[in-house]
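Colleague:
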């Protein structure tokens, strides 16, 4: 099997974000990708350079004004006298149906939900190639789906994407790579695609992209957001709307949940996916539920990630694995290896 990744994705190097009002170094560092790539190759995956698909696949799930913002905001920001070295918002609208500002400062506030997604001189390049990795993996899976062999690929997407909404960055995320992969699978002929998010945090961006649609089922297992990021989304009563009612499932779990309590919840998520009868799935693969991850939200063990991979493999469907969270700790790469081994042998 293949891992899709470009070293251009390392050029995005955010320096800070705010934690409870205090400025801290960003944990979303390029080293995350280099460690994960080494572990993917150790697990036996062959490295494949993604193709350049341009912005077309991104435009399936994000608005034109948002794409224009991401691709142009850094040089515009630098023309402001006294501007910070990274694009970081200092004002936000109180609603989303307001007038669209012309200024760079106003647009930053409109399109960046928080301070965790600063935009630097090379951010757009990395964002674009992160999406290209997701699209390339989806294309490879779609091309192999008709074969008798198990069809799956790993998109090492960095920066991650599952907090990105149609026109809003947040939580280290700019373009929703899992959503881009799902849209590519649909464009390649699948009628129904399921996205299963096993990141520590709720995939609020992914939910938002497909909340009113019935061709994509979104399922997320995550730490209860009542006192945890992203706070405003991810609650159990969010089931979709309009044609999408019943096509979104949130499974919030208590902080500190460990392997034994997690696996039955994962089984419930898989049962819902089976009831949807998708033709392909996207796994939003967060490794930040690890018991030693810096965010400290859940208590999944290294062996537990192997179990998660093996359980998801039992769906026996063409699968795109899209990297989401998972931050620098000694076991980060080992957790990925266990997941890939469990999935590949499940």
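Numbering (this note's numbering), first residue to last: 7 to 352.
The beta carbon of each residue, even a glycine, is placed where N, CA and C say it ideally should be.
Could you name the residues of the same chain whose beta carbon sits closer than 8 Å to that of residue 347, not counting the 5 residues immediately before and after it, in chain order?
Modeller: 49, 312, 315
Colleague: Assuming the contact rule is C-beta atoms closer than 8 Å, residue 211 and residue 167 should be a hit. Round their C-beta distance to whole Å, please.
Modeller: Confirmed, about 7 Å.
Colleague: Here's the rule I'm using: 16 or more other beta-carbon atoms within 10 Å means buried, otherwise exposed. How should residue 71 be labelled?
Modeller: exposed
Colleague: Among the residues of its own chain, which have a CB less than 6 Å from the CB of residue 223, if the five just before and after it don't count?
Modeller: 200, 253, 282
Colleague: Going by Cα to Cα distance, which pick from 292, 303, 351, 352 is closest to residue 339?
Modeller: 292
Colleague: Between residue 247 and residue 217, is the Cβ-Cβ spacing less than 8 Å?
Modeller: yes
Colleague: Looking only at DSSP bridge pairs, what is residue 333 linked to?
Modeller: Note: residue 333 sits in no beta bridge, so no partner.
Colleague: Taking its Cβ as the centre, do 16 or more other Cβ atoms sit within 10 Å of residue 86, making it buried, or is it exposed?
Modeller: With fewer than 16 other Cβ atoms within 10 Å, it is exposed.
Colleague: On the DSSP letters alone, give me the boundaries of the alpha helix (DSSP H) that residue 81 sits inside.
Modeller: Run containing residue 81: 70–84, per the alpha helix (DSSP H) assignment.
Colleague: For the region 142–229, which segments carrying the beta strand (DSSP E) assignment without a break, of at least 3 residues, lie completely within its bounds, in sequence order?
Modeller: 158–161, 199–203, 222–229
Colleague: Mind listing, in chain order, the continuous beta strand (DSSP E) runs of no fewer than 3 residues lying wholly within the region 264–329?
Modeller: 286–291, 325–329
Colleague: Can you find the residues in the same chain that come closer than 6 Å, C-beta to C-beta, to residue 24, ignoring five residues on each side of it along the sequence?
Modeller: The answer, listed in chain order, is 121.
Colleague: Measuring only the C-alpha atoms, how far is residue 375 from residue 15?
Modeller: Past the boundaries of the shown model lies residue 375; the chain is included only from 7 to 352, so the question cannot be answered.
Colleague: So within the region 27–69, which uninterrupted alpha helix (DSSP H) runs reach at least 4 residues, ignoring any that extend past its ends?
Modeller: Segments of the alpha helix (DSSP H) lying fully in the region 27–69: 36–48, 62–65.
Colleague: Give the range of the beta strand (DSSP E) segment to which residue 254 is assigned.
Modeller: 254–259
Colleague: Can you tell me which residues form a DSSP beta bridge with residue 22?
Modeller: 31
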